[in-house]
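Oh and the sequence shown: position 13 is 13 in full-length UniProt numbering, straight run, nothing missing. Ideal Cβ positions, reconstructed from N, Cα and C, are used throughout, including at glycine. These figures come from a predicted structure and were not determined experimentally. Here the structure is laid out as structure tokens; the discussion comes afterwards.
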Amino acid sequence: MQIQESLVPEAQQILQANDRGGFTVPTAGLYPFQWLWDAGFTALGWMQFDEARAWQELDLLFQGQWSNGMLPHIVFHRPEATYFPGPERWGVARTPPTSAITQPPVVASVVRWMLERARNPVLAEEKIRSLYPRILAYHRWFKRERDPHNTGLVTVLHPWETGADNSPAWDEALGRVTVDPDLPPYTRRDTSHVDPSQRPHQSEYDRFLTLLEVYKRAGFDQLRLVRECPFRVASLLIDCVLHRANRDLLWLSERFGFGDEAEIAGWLEASRQGIESLWDEGAGLYFNRDLRTGQPIRVGVSASFLPLFAGTASPERARRLLGTLEAWAGRVRYLVPSTDPSSPRFEAQRYWRGPVWAVVNYLIALGFSEYGYGEMAGRIRQDTLELCETAGFSEYFHPLTGQGLGGGSFSWTAAIYLAWSQ
Ligand code: 2M8
Numbered sequence: 001m002q003i004q005e006s007l008v009p010e011a012q013q014i015l016q017a018n019d020r021g022g023f024t025v026p027t028a029g030l031y032p033f034q035w036l037w038d039a040g041f042t043a044l045g046w047m048q049f050d051e052a053r054a055w056q057e058l059d060l061l062f063q064g065q066w067s068n069g070m071l072p073h074i075v076f077h078r079p080e081a082t083y084f085p086g087p088e089r090w091g092v093a094r095t096p097p098t099s100a101i102t103q104p105p106v107v108a109s110v111v112r113w114m115l116e117r118a119r120n121p122v123l124a125e126e127k128i129r130s131l132y133p134r135i136l137a138y139h140r141w142f143k144r145e146r147d148p149h150n151t152g153l154v155t156v157l158h159p160w161e162t163g164a165d166n167s168p169a170w171d172e173a174l175g176r177v178t179v180d181p182d183l184p185p186y187t188r189r190d191t192s193h194v195d196p197s198q199r200p201h202q203s204e205y206d207r208f209l210t211l212l213e214v215y216k217r218a219g220f221d222q223l224r225l226v227r228e229c230p231f232r233v234a235s236l237l238i239d240c241v242l243h244r245a246n247r248d249l250l251w252l253s254e255r256f257g258f259g260d261e262a263e264i265a266g267w268l269e270a271s272r273q274g275i276e277s278l279w280d281e282g283a284g285l286y287f288n289r290d291l292r293t294g295q296p297i298r299v300g301v302s303a304s305f306l307p308l309f310a311g312t313a314s315p316e317r318a319r320r321l322l323g324t325l326e327a328w329a330g331r332v333r334y335l336v337p338s339t340d341p342s343s344p345r346f347e348a349q350r351y352w353r354g355p356v357w358a359v360v361n362y363l364i365a366l367g368f369s370e371y372g373y374g375e376m377a378g379r380i381r382q383d384t385l386e387l388c389e390t391a392g393f394s395e396y397f398h399p400l401t402g403q404g405l406g407g408g409s410f411s412w413t414a415a416i417y418l419a420w421s422q
């Protein structure tokens with residue numbers, strides 16, 4: 001399908017309007033700070049028309065990096081009252097203030113894609129030389145503090161870390177978190193920006209906020225939380241994105257002679273085995289895992305296809321995944337719904353329980369394309385572009401009607417449109 005050229009300037013204008021002087025907010029009001037994986041995709045979008053600004057996005061993201069290497073999921077560069085929970089509730093004493101959890105670590109892959117697209121390779125090399133040690137420190141943190149027993153799977157401590165906040169995959173694991181009876185009172189801000197039928201339930205928010213109190217009581221001690229946190233899952237979104245990011249970090253290390261290949265190759269061997277242990281032969285899909293019970297979480301979600309993006313799946317498993325997605329395609333108009341549309345938990349308009357997300361589509365399409373399934377990759381790309389062209393640059397989209405949902409003028413949706421327009 002041909003790109004409608006007219007939407008390229010509109011997508012660029014969205015990034016410019018959401019620019020707060022070096023970092024880009026996902027959308028005004030609803031999300032007024034810098035988010036980790038949003039920043040990665042947004043940098044890729046900026047790369048299409050302003051390379052210096054693209055690299056600056058990552059520089060500002062790393063202003064939030066902790067001394068232990070952790071890259072937080074939100075950097076609160078400046079105070080804003082339109083979002084909750086803000087820096088006061090997180091209670092992290094550093095400048096700039098940040099949250100205390102992470103998100104899908106797309107940065108190393110984004111840096112590689114940016115280098116491959118760079119029209120100014122001198123600037124790219126200069127930026128990579130300064131970013132590389134910080135990304136390495138971040139990945140070492142994952143290994144040291146979130147996989148201390150070298151299982152090959154990262155322990156995730158909050159649904160927000162997975163990026164897919166209210167995915168049905170987390171229902172039971174989150175349900176087992178007892179709401180803190182002394183939870184300090186709070187007022188949600190998200191439902192003042194977006195129709196509540198498109199957002200998580202109150203019972204989920206009470207548990208999201210309870211987990212913050214757990215971290216604060218533990219002094220943010222990761223090794224303790226990996227043992228004791230009441231919410232502990234292995235998330236395909238985190239594990240597959242991290243595996244791919246480590247492949248790309250290894251590639252950067254080789255290319256620039258940083259000399260870390262052996263260490264990274266060791267991580268990759270463990271995570272390849274970890275991810276492949278999540279395969280379910282009967283379902284023809286990968287499932288997330290509840291690390292408190294050790295049991296698979298048997299609900300198909302869009303992340304179930306990400307071992308293709310990681311590159312860990314065998315050709316046979318890739319073929320099965322194709323068949324599974326073709327079956328999903330028979331039930332929706334637009335790919336890829338965030339939950340299996342035949343699942344009783346599928347909700348077409350509620351956030352991560354059914355809608356289509358452009359950024360996840362980008363990763364899944366790349367995965368199918370690299371396994372030789374160009375037709376499916378093209379279908380996912382075309383659906384994504386068509387959604388933007390008919391509904392605008394929404395946060396997410398209804399997989400049956402194509403209606404735009406959640407926040408509008410959304411940075412990462414515009415960025416994916418730009419990345420796919422070349
Ligand atoms: C959503 O998550 C935030 C919390 O991190 C929220 O709802 O308040 C998710 O879609 C997440 O994946 C995304 O990074 C963030 C900003 O777009 O919004």
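Would residue i and residue j be called neighbours here (beta carbons separated by less than 8 Å)?
i, j, result
"S338", "S302", "yes"
"I204", "R119", "Sequence inspection shows Glu at residue 204; the Ile mentioned does not correspond to that position. No, these two residues do not count as a Cβ contact at 8 Å."
"V92", "A245", "no"
"G274", "D239", "yes"
"Y334", "D383", "yes"
"P104", "V177", "no"
"A419", "Y362", "yes"
"P344", "V332", "no"
"L236", "L268", "no"
"G64", "V75", "yes"
"S99", "P72", "yes"
"R129", "F256", "yes"
"E387", "G367", "Just to set this straight, residue 387 is Leu in the shown sequence, not Glu. No. Outside cutoff."
"H243", "A310", "yes"
Pull the bridge partners of residue i from the DSSP assignment, please.
i, result
"I380", "The partner list for I380 (beta bridge, DSSP) is empty, contrary to what the question assumes."
"W279", "Y286"
"L405", "Y396"
"D19", "T24"
"W35", "I74"
"A100", "According to DSSP, which records beta bridges pairwise, A100 is partnered with nothing at all."
"T339", "V301"
"P296", "R289"
"A365", "Answer by DSSP bridge pairing: none, since A365 is not bridged."
Given residue i, which residues of its chain have a CB within under 6 Å of its CB, disregarding the five upstream and five downstream residues?
i, result
"T324", "G284, L285"
"K127", "W55"
"R292", "R232"
"R117", "M47"
"G300", "L285, D340"
"L321", "F305"
"K60", "The sequence as given places Leu at residue 60; Lys does not occur at that position. If we look at L60 and ignore the five residues flanking it on each side, its Cβ neighbours are G22, F23."
Ordered along the chain, which non-local residues of its own chain (more than five positions away) have a Cβ less than 8 Å from that of residue i?
i, result
"E172", "D290, I297"
"G259", "S253"
"A329", "L335, R379"
Taking 7 Å as the limit between beta carbons, can you name the residues of its chain near residue i, skipping five residues before and five after?
i, result
"H398", "A348, Q349, P355, L405"
"F216", "Here residue 216 is Lys; the residue named in the question, Phe, does not match the sequence. Cβ neighbours of K216 beyond the five flanking positions: G91."
"A365", "A377, I380, R381"
Answer yes if the segment 139 to 153 comes into contact with the segment 223 to 232, meaning at least three C-beta pairs across the two stretches below 8 Å, and no otherwise. Below 8 Å, enough C-beta pairs join the segment 223 to 232 and the segment 139 to 153 to call them touching: three or more.
Do three or more CB pairs link the segment 348 to 368 to the segment 160 to 170 at distances below 8 Å? In this structure the segment 348 to 368 lies against the segment 160 to 170, because at least three pairs of beta carbons, one per stretch, are closer than 8 Å.
Do the segment 363 to 379 and the segment 391 to 398 meet, that is, are 3 or more Cβ pairs less than 8 Å apart? The segment 363 to 379 is not in contact with the segment 391 to 398.
Kindly confirm or deny that the segment 185 to 195 and the segment 73 to 84 touch, where touching means at least three C-beta pairs closer than 8 Å. In this structure the segment 185 to 195 touches the segment 73 to 84; the number of beta carbon pairs closer than 8 Å is three or more.
Would you call the segment 411 to 419 and the segment 31 to 49 in contact, with 3 or more CB pairs under 8 Å? At 8 Å Cβ cutoff, the stretches touch.
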